[in-house]
Amino acid sequence: MPSSSHTPATMQDVARHARLHKSTVSLALRNDPRIPRATQLKVQAAAEALGYKLNPLVANILGRRRRRLGSHISPVLAFVNLVPETWFKPGSFFERQFLGARNQARLLDLELERFDLGAKGLDSRALGKILRARGIRGAIIGPSQRAVTHLRLPWEDLAAVHLGAGVLRPALHQCHVDFSQALSLTFKQLRRRGCRRIGLAMAAESDRMVSHRWFMTYAFLQSRLPKDEQVEALTTSATASQLAAWLLKEKPDALVSYEHFGAERFTTLGLRVPEDLAFAALNVEEGSTATGVNCRAEELGAAAVDLLVSSLQINQLGIPATPRHVTLEATWSEGRTPPPRPVQPGGVDRWKQRLERPWRQSPTRAGWKSISLKAAANRPLHSPQNAWLTGIPLPRLPETLHLYGIPFRHSGKAVVFASRHRPDGLARLRLPVGRPFRRLCLLQACAWPGKAQRFGSIEVAFAHGRHETIPLTTAGNRGDENATTHDWWPNSRLIENRHIRPVVLHQKPEDGHPGYAARLYVLEWANPSPRSAVAHLNIQVDPGAEPCWGLVAATIC
0 MPSSSHTPAT
10 MQDVARHARL
20 HKSTVSLALR
30 NDPRIPRATQ
40 LKVQAAAEAL
50 GYKLNPLVAN
60 ILGRRRRRLG
70 SHISPVLAFV
80 NLVPETWFKP
90 GSFFERQFLG
100 ARNQARLLDL
110 ELERFDLGAK
120 GLDSRALGKI
130 LRARGIRGAI
140 IGPSQRAVTH
150 LRLPWEDLAA
160 VHLGAGVLRP
170 ALHQCHVDFS
180 QALSLTFKQL
190 RRRGCRRIGL
200 AMAAESDRMV
210 SHRWFMTYAF
220 LQSRLPKDEQ
230 VEALTTSATA
240 SQLAAWLLKE
250 KPDALVSYEH
260 FGAERFTTLG
270 LRVPEDLAFA
280 ALNVEEGSTA
290 TGVNCRAEEL
300 GAAAVDLLVS
310 SLQINQLGIP
320 ATPRHVTLEA
330 TWSEGRTPPP
340 RPVQPGGVDR
350 WKQRLERPWR
360 QSPTRAGWKS
370 ISLKAAANRP
380 LHSPQNAWLT
390 GIPLPRLPET
400 LHLYGIPFRH
410 SGKAVVFASR
420 HRPDGLARLR
430 LPVGRPFRRL
440 CLLQACAWPG
450 KAQRFGSIEV
460 AFAHGRHETI
470 PLTTAGNRGD
480 ENATTHDWWP
490 NSRLIENRHI
500 RPVVLHQKPE
510 DGHPGYAARL
520 YVLEWANPSP
530 RSAVAHLNIQ
540 VDPGAEPCWG
550 LVAATIC
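Mind the numbering: the sequence shown is residues 0 to 556 in numbering that gives the first Met the number 0, read in order.
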């Protein structure tokens, strides 16, 4: 019987109206999984008809009592990791998200346990069996590296939240940063510092992981700028060569990307940040000195736990009919990479001129000095005793070589090694130097090496008598063999405060062209001093059966 208009309805009234026991009504109002769904809907309809509302004070007291007496709900929540374990390096965005979620769970007297999907043969079906067996009813699904992720878990027994912005099937409640606000904040901060041409560099796969939110926002922001300030986005993973070509084409004042994108490529290209190019990161890592937006990884993890626990408290299990999205605004983190104010335009052009200087300027200018290759023979070049060292053009070597996407011209003449004239199969060249230097550039080339790798070394003989040997690969076909040209810059080999950095490019034989491989070596001294004075360099290579291999140019600074 309905209660009078002056007396609030009680749970007993609802039980009497639904013709059920009071304890059944209590469980049904809390969506307890032990009560059939049809019964839950019947009780909730009766409560709505009677105007019954749970007293929040009474609910709080009863909740604390249940926690003291124990509960059938497991105190463990699952964190389902969908990315490689290597992405969880200390201080990374992924690790910070997990730690933020775990800390929030512990504040609520819960424990968050990580399950790495794909590790040790763990698939979604096996994980579902584990969750059921352990009575785990709450799960946070971590970010995925895929554009669309399909998971098969016992959703009818789970309350779940997706911590990420990708497309997950089935659709769940989600927590992620506000990407539009984060990129808009980045543009606002860079333009406030005088940057007018702002470019975005990001692999298309990375943008798909967040449902294209970065590129959509970037396109909108660019559409509001004057035509001469608009910059086309770089939408590939971008090797150093591709990045250089894009920089020369677009000439941006600032570059926006993920933090890991810039460090190695900028070092490779000799870019000075922020003097040549301002850089803003879209995910400033913990302890980083980069400037950019902080996507608040820890807070996102905590928000995901709060959203999950709120579903568990009302026993809202299964796939939600209307998924909710919780977004957090990014904050600005000031580091060492923003440009000085006001920005001096033409930073990319200054970088290009500085990079070209060693080859395009006269050796007598800017402190550069040519090393005489012909004098290094110490004998007439064309003598029969020294036939292996001759000054002849290399086979079909282009007059202009492209390094980092920038053309470099050379003389086309070289000191050439031909191993068939050497009984030991090795070719040696002694280059006298006689003074300290900061940088040595060697441009060498050979006929197309095919599958072979030619090895050698540069021996540095210091004036005070010490010798150091730096191994090198003289030619090779690392990288994409289908590419017409290719450049490669591995990790620098460190020898005290010196290192040698190679760049290689090649063209495969085609249409009668014999093909070639060329490499630029840059040997740098961080702090040249009288003690680093070099008497000479001994270059030794094993050109194998190739008809010729040689140096095209050698300069020091």
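The beta-carbon is built from N, C-alpha and C at its ideal position, and this holds for glycine as well.
Leaving out five residues before and five after Q180 in sequence, what residues of the same chain have Cβ atoms less than 7 Å from its Cβ?
What you label residue 180 is simply residue 181 of the sequence shown in a count that begins at 1. Here the set comprises E328, A329.
On the criterion of 16 or more Cβ atoms from any shown chain inside 10 Å, does P251 qualify as buried, or is it exposed?
Counting from 1 along the sequence shown, the entry for residue 251 is found at position 252. Buried, because 16 or more other Cβ atoms sit within 10 Å of the Cβ of P251.
Cut-off 6 Å between Cβ atoms - residues of its own chain near G334, not counting five sequence neighbours on either side:
Working through the sequence shown from its first residue, we reach residue 334 at position 335. Cβ neighbours of G334 beyond the five flanking positions: T288, A289, T290.
If you draw a straight line from the C-alpha of T148 to the C-alpha of R168, how long is it?
By one-based count along the sequence shown, residue 148 stands at place 149. By one-based count along the sequence shown, residue 168 stands at place 169. Cα-Cα distance, rounded: 6 Å.
Would M138 and A232 be called neighbours here (beta carbons separated by less than 7 Å)?
For the purposes of this step, residue 138 is taken as the residue at position 139 of the sequence shown. For the purposes of this step, residue 232 is taken as the residue at position 233 of the sequence shown. In the sequence as displayed, the identity of residue 138 is Ala instead of Met. Cβ atoms of A138 and A232: not closer than 7 Å.
Those residues which DSSP pairs with H172 across a bridge:
Here the question's residue 172 lines up with position 173 in the sequence shown. Per DSSP, V160.
Distance, Q188 Cα to L107 Cα
As a working mapping, residue 107 is identified with position 108 in the sequence shown. As a working mapping, residue 188 is identified with position 189 in the sequence shown. Approximately 38 Å between the Cα atoms of the pair.
Comparing alpha-carbon positions, which option in P32, K52, L28 lies nearest V42?
Within the sequence shown, the letter at position 43 stands for residue 42. Checking every option, the nearest Cα to that of V42 belongs to L28.
CA-CA distance, Q343 and W213?
By 1-based counting over the sequence shown, the position of residue 343 is 344. By 1-based counting over the sequence shown, the position of residue 213 is 214. Each residue's alpha carbon lies about 28 Å from the other.
Please tell me whether G141 and N102 are closer than 7 Å, where the distance is taken between their beta carbons.
In the sequence shown, residue 141 corresponds to position 142, counting from 1. In the sequence shown, residue 102 corresponds to position 103, counting from 1. In this structure, N102 does not lie closer than 7 Å to G141 by Cβ.
Opposing strand residues paired with V79 [DSSP bridges]:
Locating residue 79 in the sequence shown gives position 80, where the first residue counts as 1. Per DSSP, F114, I140.
Under the three-state DSSP convention, the category E47 falls into
By 1-based counting over the sequence shown, the position of residue 47 is 48. DSSP places E47 in helix when its eight states are reduced to three.
Are A158 and L316 touching if we call contact CB-CB under 7 Å?
As a position in the sequence shown, residue 158 is number 159, starting the count at 1. As a position in the sequence shown, residue 316 is number 317, starting the count at 1. Yes.
In this structure, does DSSP put V147 in helix, strand or coil?
The count along the sequence shown starts at 1 and reaches residue 147 at position 148. Correct three-state label for V147: strand.
How many angstroms separate the CA atom of A48 from the CA atom of N314?
Reading the sequence shown from its first residue, position 49 is the one you call residue 48. Reading the sequence shown from its first residue, position 315 is the one you call residue 314. Whole-angstrom Cα-Cα distance: 22 Å.
Taking buried to mean at least 16 other C-beta atoms within 10 Å of its own C-beta, is L276 buried or exposed?
On the sequence shown, position 277 is the one that residue 276 refers to. L276 comes out buried.
Whole-number beta carbon distance between L246 and V82, since they are thought to touch under 8 Å
Position 83 of the sequence shown, counted from the first residue, corresponds to residue 82. Position 247 of the sequence shown, counted from the first residue, corresponds to residue 246. So it is not a contact: roughly 30 Å between Cβ atoms.
Give the secondary structure of N293 by DSSP, where H, G and I count as helix, E and B as strand, and everything else as coil.
If you number the sequence shown from 1, residue 293 lands on position 294. Three-state result, N293: strand.
Alpha helix (DSSP H) segment containing W154, residue limits:
Here residue 154 refers to the residue found at position 155 of the sequence shown. First-last for W154: undefined, no H or E at that position.
Taking Cβ to Cβ, would you say V304 is nearer than 7 Å to A100?
Taking the first residue of the sequence shown as position 1, residue 304 is located at position 305. Taking the first residue of the sequence shown as position 1, residue 100 is located at position 101. Closer than 7 Å, so yes.
At what residues does the alpha helix (DSSP H) containing F219 begin and finish?
Stepping through the sequence shown from its first residue, residue 219 is reached at position 220. Element bounds for F219: 212-222.
Between the CA atoms of H535 and A567 - distance to the nearest angstrom:
Absent from the structure is residue 567, since the part of the chain shown begins at 0 and ends at 556.
Go ahead and label L306 buried or exposed: buried means 16 or more other beta carbons lie within 10 angstroms of its beta carbon, across all protein chains shown.
Counting from one through the sequence shown, the residue named residue 306 turns up at place 307. L306 is buried by the Cβ-count criterion.
Selected residue, minimal CA-CA separation from R145, among L130, L242, H172, V209:
As a first step, residue 145 is located in the sequence shown; it is residue number 146 there, counting from the start. Cα-wise, what sits closest to R145 is V209.
One or two residues paired with A232 in a DSSP bridge:
Sequence index remark: in the sequence shown, residue 232 carries index 233 (1-based). Bridge partners of A232: none, in fact.
Please classify F97 as buried or exposed, where buried requires at least 16 other C-beta atoms within 10 Å of its C-beta.
By one-based count along the sequence shown, residue 97 stands at place 98. When all chains shown are included, F97 counts as buried.
If you reduce the DSSP assignment to three classes, tell me which class N282 lands in.
For the purposes of this step, residue 282 is identified with residue 283 of the sequence shown, where counting begins at 1. The answer is coil: DSSP assigns N282 none of H, G, I, E or B.
I129: first and last residue of the uninterrupted alpha helix (DSSP H) it sits in
Position 130 of the sequence shown, counted from the start, is the residue given in the question as residue 129. Residues 123-133.
Which residues bound the beta strand (DSSP E) around V255?
As a first step, residue 255 must be located in the sequence shown, where it is residue number 256. Element bounds for V255: 253-256.
By Cβ distance, which residues of its chain are closer than 6 Å to E94, with the 5 residues on each side in sequence left out?
Within the sequence shown, residue 94 is the residue found at index 95, counting from 1. The answer, listed in chain order, is F87.
From the DSSP output, in three-state form, read off T6 for me.
For the purposes of this step, residue 6 is taken as residue 7 along the sequence shown, with counting starting at 1. Of the three classes helix, strand and coil, the one that applies to T6 here is coil, per DSSP.
In DSSP terms, what A460 is bridged to
Locating residue 460 in the sequence shown gives position 461, counting from the first residue. In DSSP, A460 forms a bridge with H466, H535.
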